[in-house]
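Per full-length UniProt numbering, residue 1 is the first one in the sequence shown, and the count goes up by one each step.
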Amino acid sequence: MRSHLKGIGASAGIAIAKAYRLEEPELKIVNKNIGDRDAEKRRLEQAISQSKAELEKIKEYVNRELGADKAEILAAHLLVLNDPELLNPVFDRISTEGVNAEFALKESADRFVSMLESMDNEYMRERAKDIRDVTNRVTAHLLGVQIPDPSLISEEVVIIAEDLTPSDTAQLNRRYVKGFATDIGGRTSHSAIMARSMEIPAVVGTKQAVSRIEHGVMVIVDGLEGDVIIDPSSEIIAQYEAKKANYETQKAQWAKLVHEPTVTKDGVHVELAANIGTPADVKSVLENGAEAVGLYRTEFLYMGRDRLPTEAEQFTAYKTVLEKMEGKPVVVRTLDIGGDKELPYLKLPKEMNPFLGFRAIRLCLEEQTIFRTQLRALLRASVYGNLKIMFPMIATVSEFREAKAILLEEKEKLAAEGVKAADQIEIGMMVEIPSTAVMADQFAKEVDFFSIGTNDLIQYTMAADRMNGRVAYLYQPCNPAILRLISRVSDAAHQEGKWVGMCGEMAGDPIAIPLLLSLGLDEFSMSATSILPVRAQIKDLSSEHAKSVKEAVLSMKTSEEVIEFVKRTFN
């Protein structure tokens, strides 16, 4: 039956193909008493071993096809299968109570999942999904149930699922899988991130895809608008075929801009930079014509492993990125991890609200051994390129001063050891806390640059978790309150002769681009695949025209009013 679903456009493009329902196998688990307890433990060990082997294979494929940072998602899954807190209680119950392996595993997993899902932040909810994904794989082996294998798909399809696990997404064959639509998820979910890396059109958060779309029915997934069309007529298919062709033509036109500078119609240059997580990402940065790396998320070096990375390991990673960028700016964010991004080997205490807790610079200033090791590695690498260092989650001027002082101390120590560091390294900070934006005029006297992290700035300003569907309507990048904070930061930076960039999702949002130009942003940092369309958009804009509407936009009352104004004025 022909119908239309609305979701979130998570990966750009148009897909038109038959629906392929990727459904999790039914895992019927019953509580049974086991006679041979040692044999039951061996059965569990074998299922874990089989699961590890499968995940290692998928991880190798992802590393080869998508890069090391995406492979880290699978590395995190492998860590789950080595987690004594999850597995020891399972083996203990088999030994002491004679409970069957699948029932004991389910109860242990349920406890973890329930605890993580109750936490009000995105990262912990993603960890809950990881545990469910991994333990379901082990359970399927215990029950002898076939696990769906997306890699076996051999005809053009659109995947329909409640959600796609990282292991599912990793196995999608781009030759046959033309797109996907899911009931749940957001732009920052694992499946969305991987879809953008694979350039597969995707719409997530439709709520009803599984219940409304039957296997084999024709489906259109419009990742540009966030639309899913079910059983379209031949006329609608023709319309979307034309839209798809236009998009492909547009992509070909964008590709011609790969070596062009980013300049407005009236000759104003802005820097388009890319966000990366690992050295492997630099390939895409260069292929898409980025002028800099605006955000190197160093936490990927710390995740998916059982110990802290050494100074030598970090030095090698930073040096590799700097050398590959051949003198183009590389802005490295120091470790942004803590209560909301758990590292098992740090054994940090659980927090009621980890997003507002002991994380990022707060952790680094207390755990200075970790911080100083990273700073030494960065300083040693600085001679190999154009390094800029920024500190995350800065809330007070004293925090920035303390972090900078530690950096300069380590630089002096290296000099005493005869180890060179670059003479001039710009030291900046993230602006992601509202109080920091309000005090930007004071921070601007201390820093070399600002980088606005809108993902957190928006949810902190609006007091709304962007991954909570019930308050998602409050995640409004174009809300005048957000624009006023950005304007305040930009004006403060320029008054002190400093530059200001943005590295949140908003930096690559076509609706936001004219607004950010009007507010005087010097640098836009985004996913590498967004660089060329944004460059094309900026080339068609006049900086003078954009700035002429600044006061009008800042005086508006609602996000909807701003969006309508932008569409009317700049399209």
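Every residue, glycine too, gets a C-beta built ideally from N, C-alpha and C.
Bear in mind that the values here come from a model prediction, so they are computed numbers and not experimental data.
Taking each of Val-270, Asp-183, Ala-405 in turn and checking the Cα distance to Ser-518, the smallest one comes out for Val-270. Between the C-alpha atoms of Arg-484 and Ile-458 there is a straight-line separation of about 12 Å. Around the beta carbon of Asp-423, fewer than 16 other beta carbons sit within 10 angstroms, so the residue counts as exposed.
When DSSP reads this structure, Trp-499 sits in a beta bridge with Phe-449. Non-local beta-carbon contacts of Ser-108 in its own chain, meaning distances under 7 Å to residues more than five positions away in sequence, involve Leu-86, Pro-89, Val-90 in chain order. Beta-bridge partners assigned by DSSP to Met-429: Phe-391, Phe-450.
Counted as a single uninterrupted DSSP element, the beta strand (DSSP E) harbouring Arg-21 occupies residues 14 to 21.
By alpha-carbon distance to Val-203, the top candidate from His-215, Asp-183, Met-218 is Asp-183.
No Cβ-Cβ contact shorter than 9 Å links Asp-509 with Pro-480.
Distances from the CA of Gln-537 to each of Ile-153, Ala-12, Ser-398, Gln-250 were compared; the closest alpha carbon is that of Gln-250. The DSSP assignment places 311 to 324 as complete runs of the alpha helix (DSSP H) inside the segment 283 to 352, in order along the chain (cut-off: 4 residues). Its chain contains Glu-291, Ala-292, Asn-386 as the residues whose beta carbon lies nearer than 7 Å to that of Lys-328, once the 5 sequence neighbours on both sides are disregarded; these appear in chain order. In terms of CA proximity to Ala-360, Tyr-302 leads the group Glu-410, Tyr-302, Thr-310. Taking all protein chains in view, the Cβ of Pro-84 is surrounded by fewer than 16 other Cβ atoms within 10 Å, so the residue is classified as exposed. Within 10 angstroms of the beta-carbon of Asp-163 lie 16 or more other beta-carbons, which makes it buried. The C-alpha of Phe-391 lies about 18 Å from the C-alpha of Pro-354. By the CB criterion at 9 Å, Leu-532 and Ala-255 fall inside the cutoff.
Contact check for Leu-515 and Gly-501: beta-carbon distance about 15 Å, past the 8 Å limit, so the pair fails to qualify.
The beta carbon of Asp-130 sits closer than 7 Å to those of Ala-76, His-77, Val-80, all from its chain and outside the five residues before and after it, given in chain order.
Each residue's CA atom was taken as its position, placing Val-397 and Ala-403 some 10 Å apart. Within the segment 81 to 161, the complete beta strand (DSSP E) segments of 3 residues or longer fall at 157 to 161, listed in chain order. Setting aside the 5 residues that flank it on each side, Ala-181 is surrounded in the same chain by Ile-160, Val-203, Thr-206, Ala-209, Val-221, Val-228, each with a C-beta closer than 6 Å to its C-beta; the list follows chain order. Secondary structure note for Ser-543: its alpha helix (DSSP H) is the uninterrupted segment 543 to 548. No residue range can be given for Ile-29, since it is assigned to no alpha helix (DSSP H) and is classified by DSSP as neither H nor E. Shortest Cα-Cα distance from Ile-48 to any of Ile-16, Glu-551, Val-134 involves Val-134. Relative to Ile-147, the option among Val-419, Lys-243, Ala-395, Gln-171 whose CA is nearest is Gln-171.
An exposed status is given to Pro-25, since fewer than 16 other beta-carbon atoms sit within 10 Å of its beta-carbon. Under the three-state reduction of DSSP, Ser-382 is assigned to helix. The three-state secondary structure of Met-198, taken from DSSP, is helix.
Each residue's CA atom was taken as its position, placing Arg-535 and Tyr-247 some 16 Å apart.
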